[in-house]
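Undergrad: Here's a structure for you.
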Amino acid sequence: MLRQESKASGAVGQSVLKIVLPGNVRFIIKTLQNAGFDAYAVGGCVRDVMLGRTPKDWDVTTDAKPLQVKKLFRRTIDTGIQHGTVTVMLNDENGEYRGYEVTTYRIDGEYEDLRHPKEVTYTNSLREDLERRDFTINAMAYNERTGLVDEFNGASDLKKRIIRAVGDPYERFSEDALRILRAYRFAAQLGFGIDFDTETAASKLKDNLRKISAERVQAELTKLICSPHPDVLLDMYRAGITSVILPEFDRCMQTDQKNKHHLYNVGEHTIRALMVNAEFSGVEFEPDALRYIRYAILFHDFGKPEAMTEDEKGIRHFKGHSVISEKLAVEIMKRLKLDNDTTHTVAALVKWHDHRPEATEINVRRAMNRIGPDIYRLLFPIRIADTLAQSLYKREEKLAYEREIMRLYTGIIESGDPVTLKELAVRGADLIEHGYKPGPKLGEKLKELLELVIEDPKCNTKEYLLSKI
3 MLRQESKASG AVGQSVLKIV LPGNVRFIIK TLQNAGFDAY AVGGCVRDVM
53 LGRTPKDWDV TTDAKPLQVK KLFRRTIDTG IQHGTVTVML NDENGEYRGY
103 EVTTYRIDGE YEDLRHPKEV TYTNSLREDL ERRDFTINAM AYNERTGLVD
153 EFNGASDLKK RIIRAVGDPY ERFSEDALRI LRAYRFAAQL GFGIDFDTET
203 AASKLKDNLR KISAERVQAE LTKLICSPHP DVLLDMYRAG ITSVILPEFD
253 RCMQTDQKNK HHLYNVGEHT IRALMVNAEF SGVEFEPDAL RYIRYAILFH
303 DFGKPEAMTE DEKGIRHFKG HSVISEKLAV EIMKRLKLDN DTTHTVAALV
353 KWHDHRPEAT EINVRRAMNR IGPDIYRLLF PIRIADTLAQ SLYKREEKLA
403 YEREIMRLYT GIIESGDPVT LKELAVRGAD LIEHGYKPGP KLGEKLKELL
453 ELVIEDPKCN TKEYLLSKI
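Note that this note's numbering has the sequence shown beginning at 3, numbered continuously upward.
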């Protein structure tokens, strides 16, 4: 909770802005203060409260050394003690243990790998600790005794909705190249712009991203495309960032479609589809499903530059692009070290995103069987976003088709119609009892029986199916 009691300030960079701290955070800070140390809530938690958001985590910074922190609290974990971080474990309001990171004021040494400092030096200066942080909006600290400490005008940048590096952006990005992606990710999550000097430095130092691990790049890209503003990818393209981390997108931005179904080039169409999904379906799906959907939309047309042909009238066609897009999607996801579940699901969604059979119950059941019911349901928001990111040509007709397919799908789910072998009324054991031997023929027979049931769900009785063998 945030309260603005006064704008008066008795010291540079300080304010009597009042933040209501959670009980455990207040306890940690008070315990450190009572022992003679300084302590503040710091970083993203302060930023989020000032934006009216509920922080996921609360971090504390202090001039107490790690061993001194450990002596003051009953249960601690040496999370990153070599860099001054100790996690204090306390019971939360639900009686469950929760961790709070407490980090000693520090100055980072030389960054040897464009990611981590070779060493850290402890300091007694809060300003020096804040000075090493990435962006001004993440370099604010707060406690109830001092109020808000804002040495780098982070509060002003919050009001201006600007992402700006602390100090010299070239130094910040030369220390840790991942900060380049973090700048765009914060812009996407918060709906902010990026300060001109900060973005200029990011663009000039973009090649440093090649030295960042794929896992780190992927984590930032995932947060960005799952944010309310995935169109920040366009800003990254203009700054040359995508040419380093996602060159396939650059090819899409350079591929005009020249087709009455489209208004935009492939990349712009992709961004518009992502934005449609961000506007209409961001709340409907659990986090895993949202990740699958956004990545599938991002990749769904990546095969178009390779599949493109142009007829004698100058009209471009992209037959077979789904298969090529699937192949590229798998390659990219492996390169980014995405997990196997995401890779499998997204690849299937990309492969089938353009599959539009005649709208009948039998065809929908067959598609659910072929694609998988769990994956099939995720195709709807992808295809709707795809359609709404196209031209107006036959848009209503396309949307009417999608509505009819969704109606049929909903009816099939509500009726409990079987579409997979596990829903079949007979099992392999039943066929073995009737003379079949384990092996390929038994599997083929089960598939034949399932096809009967898909054509007519009323056939899914053990008696009827056994009569057919």
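Where is the CB? At the ideal position from N, CA and C, for every residue including glycine. No experiment lies behind these values; they were computed from the predicted model shown.
(1) How many Å lie between L74 and E95 at the Cα?
(2) Work out the CA separation of T244 and V14 for me, nearest whole Å.
(3) Three Cβ pairs or more, each shorter than 8 Å: is that satisfied between the stretch 390 to 407 and the stretch 255 to 266?
(4) Using 8 Å for Cβ pairs, my map puts G195 next to R240. What's the rounded Cβ distance?
(5) Within 10 angstroms of the Cβ of K470, are there 16 or more other Cβ atoms? Answer buried if so, exposed if not.
(6) Indicate the three-state DSSP secondary structure (helix, strand or coil) for N93 in the structure shown.
(7) Where are the alpha helix (DSSP H) runs, 4 residues long or more, that stay fully inside the stretch 48 to 113, in chain order?
(8) Of the choices K396, M277, A309, D61, whose alpha-carbon is the least far from that of K262?
(9) The alpha helix (DSSP H) spanning Y124 covers which residue range?
(10) If we count the other Cβ atoms within 10 Å of its Cβ and call it buried at 16 or more, is G441 buried or exposed?
(11) Figure out for me which residue from K72, G97, D233, M52 has the closest Cα to the Cα of T106.
(12) Using a Cβ-Cβ cutoff of less than 8 Å, which residues in the same chain neighbour R28 once the five nearest sequence positions on both sides are dropped?
(13) Taking all protein chains shown into account, decide if F175 is buried (16 or more other Cβ within 10 angstroms of its Cβ) or exposed.
(14) If you compare alpha carbons, which of D40, F39, P289, G54 is closest to V22?
(15) In terms of alpha-carbon separation, which member of S205, Y186, G101 lies closest to K58?
(16) Just to confirm the assignment, what range does the alpha helix (DSSP H) spanning A167 have?
(17) Just checking my contact of T78 with T89 at CB under 8 Å: how many whole Å lie between their CB atoms?
(18) Enumerate in chain order the residues of its own chain whose CB-to-CB distance from Q35 is below 8 Å, with the five nearest sequence positions on each side excluded.
(19) Assuming L444 and L451 form a contact by the criterion Cβ under 8 Å, report the distance between their Cβ atoms to the nearest whole angstrom.
(20) Spatial neighbours of F320 within its chain, please: C-beta separation below 7 Å, excluding the five flanking residues on both sides.
(21) For L381 and H355, I'd like the C-alpha separation in whole angstroms.
(22) Is it buried or exposed, E270, if we count other Cβ atoms within 10 angstroms and call 16 or more buried?
(23) Starting from N145, follow the alpha helix (DSSP H) in both directions and report where the run begins and ends.
(24) When you compare only the Cα positions, how much space is there between Q84 and T123?
(25) Note down the Cα distance separating A350 from T224, rounded to an integer number of angstroms.
(26) For V352, which residues from the same chain have a beta carbon less than 6 Å from its beta carbon, with the 5 sequence-adjacent residues on both sides left out?
(27) Beta-carbon separation of I295 and I414 under 8 Å?
(28) Quick check: the Cα distance between R387 and K400, rounded to an integer number of angstroms?
(29) Taking 7 Å as the limit between beta carbons, can you name the residues of its chain near N155, skipping five residues before and five after?
(30) Out of G169, S205, L248, which has the shortest C-alpha to C-alpha gap to E222?
(31) Between which two residues does the alpha helix (DSSP H) harbouring A216 extend?
(32) What are the start and end residues of each continuous alpha helix (DSSP H) run of 4 or more residues lying completely inside the stretch 257 to 345, in chain order?
(33) How long is the line joining the alpha carbons of T344 and E288, rounded to whole angstroms?
(34) Just how far apart, CA to CA, sit H346 and M142?
(35) For H231, count the other beta carbons within 10 Å of its own beta carbon; 16 or more makes it buried, fewer makes it exposed. Which is it?
(36) Can you check which of these residues, M335, A402, I407, is closest to E363 by C-alpha distance?
TA: Per the coordinate set shown:
(1) Within the sequence shown, residue 74 is the residue found at index 72, counting from 1. Within the sequence shown, residue 95 is the residue found at index 93, counting from 1. About 21 Å.
(2) Stepping through the sequence shown from its first residue, residue 14 is reached at position 12. Stepping through the sequence shown from its first residue, residue 244 is reached at position 242. In this predicted model, V14 has a pLDDT of only 36, less than 50, meaning its place in the structure is not dependable; the value taken from the coordinates is given anyway. V14 and T244: Cα-Cα distance of roughly 40 Å.
(3) yes
(4) As a working note, residue 195 is residue 193 in the sequence shown. As a working note, residue 240 is residue 238 in the sequence shown. At roughly 13 Å, the Cβ-Cβ gap does not stay under 8 Å, so G195 and R240 are not in contact.
(5) Translated into the one-based positions of the sequence shown, residue 470 becomes position 468. Burial call: exposed.
(6) What you label residue 93 is simply residue 91 of the sequence shown in a count that begins at 1. Of the three classes helix, strand and coil, the one that applies to N93 here is strand, per DSSP.
(7) List check, alpha helix (DSSP H) in window: 68 to 74.
(8) In the sequence shown, counting from the first residue as 1, residue 262 sits at position 260. Per the Cα distances, K396.
(9) Residue 124 sits at position 122 when you count from the first residue of the sequence shown. Y124 -> not in any alpha helix (DSSP H); beta strand (DSSP E) instead, spanning 122 to 124.
(10) As a first step, residue 441 must be located in the sequence shown, where it is residue number 439. Burial call: exposed.
(11) The sequence position of residue 106 within the sequence shown is 104, counting from 1. Out of K72, G97, D233, M52, K72 has the C-alpha closest to the C-alpha of T106.
(12) On the sequence shown, residue 28 is found 26 positions in, with the first residue counted as 1. Take R28, set aside five residues on each side of it, and the residues of its chain with a beta-carbon closer than 8 Å to its own are E146, in chain order.
(13) To locate residue 175, count along the sequence shown from 1; it is residue 173. That one is buried.
(14) Taking the first residue of the sequence shown as position 1, residue 22 is located at position 20. Cα-wise, what sits closest to V22 is G54.
(15) Locating residue 58 in the sequence shown gives position 56, where the first residue counts as 1. Measuring from the Cα of K58, the nearest candidate turns out to be G101.
(16) Along the sequence shown, read from residue 1 onward, the residue named residue 167 stands at position 165. Run containing A167: none; DSSP gives neither H nor E here.
(17) Your numbering for residue 78 matches position 76 in the sequence shown. Your numbering for residue 89 matches position 87 in the sequence shown. Yes, they are in contact, since the Cβ atoms of T78 and T89 sit about 6 Å apart, within 8 Å.
(18) In the sequence shown, counting from the first residue as 1, residue 35 sits at position 33. Closer than 8 Å at Cβ, skipping near neighbours: A41, N145, R147.
(19) Reading the sequence shown from its first residue, position 442 is the one you call residue 444. Reading the sequence shown from its first residue, position 449 is the one you call residue 451. In fact, because the Cβ distance is near 11 Å, the residues do not count as touching under 8 Å.
(20) Position 318 of the sequence shown holds residue 320. The answer, listed in chain order, is K306, A309, M310.
(21) Along the sequence shown, read from residue 1 onward, the residue named residue 381 stands at position 379. Along the sequence shown, read from residue 1 onward, the residue named residue 355 stands at position 353. In a straight line, the C-alpha of L381 is about 6 Å away from that of H355.
(22) Start at 1 with the first residue of the sequence shown, and residue 270 comes out as number 268. When all chains shown are included, E270 counts as buried.
(23) If you number the sequence shown from 1, residue 145 lands on position 143. Where N145 is concerned, there is no enclosing alpha helix (DSSP H), although the beta strand (DSSP E) it sits in stretches over 143 to 145.
(24) By 1-based counting over the sequence shown, the position of residue 84 is 82. By 1-based counting over the sequence shown, the position of residue 123 is 121. Between Q84 and T123, the C-alpha separation is close to 10 Å.
(25) Counting from 1 along the sequence shown, the entry for residue 350 is found at position 348. Counting from 1 along the sequence shown, the entry for residue 224 is found at position 222. Those two C-alpha atoms are separated by around 18 Å.
(26) As a working note, residue 352 is residue 350 in the sequence shown. Non-local C-beta neighbours of V352 in its own chain, meaning closer than 6 Å and more than five positions away in sequence, comprise A298, F301, H302, S327, E328, A331, ordered along the chain.
(27) Position 293 of the sequence shown holds residue 295. Position 412 of the sequence shown holds residue 414. Cβ distance not < 8 Å, so I295 and I414 don't count as in contact.
(28) Here residue 387 corresponds to residue number 385 of the sequence shown, with the count starting at 1. Here residue 400 corresponds to residue number 398 of the sequence shown, with the count starting at 1. This sequence places Ala at residue 387; Arg is not what is there. Roughly 12 Å between the two C-alpha positions.
(29) Here residue 155 corresponds to residue number 153 of the sequence shown, with the count starting at 1. These residues qualify, in order along the chain: T138.
(30) Walking along the sequence shown from the start, residue 222 turns up at place 220. The shortest Cα separation from E222 among G169, S205, L248 belongs to L248.
(31) Counted from its first residue, the sequence shown places residue 216 at position 214. It spans 216 to 227 - the alpha helix (DSSP H) in which A216 sits, taken as one unbroken run.
(32) 268 to 282, 289 to 301, 306 to 309, 323 to 337
(33) As a position in the sequence shown, residue 344 is number 342, starting the count at 1. As a position in the sequence shown, residue 288 is number 286, starting the count at 1. Their Cα atoms are separated by approximately 14 Å.
(34) Stepping through the sequence shown from its first residue, residue 346 is reached at position 344. Stepping through the sequence shown from its first residue, residue 142 is reached at position 140. The alpha-carbon atoms of H346 and M142 are separated by roughly 42 Å.
(35) Here residue 231 refers to the residue found at position 229 when the sequence shown is read from its first residue. Buried, because 16 or more other Cβ atoms sit within 10 Å of the Cβ of H231.
(36) Counting from one through the sequence shown, the residue named residue 363 turns up at place 361. Ranking the options by Cα distance to E363, first place goes to I407.
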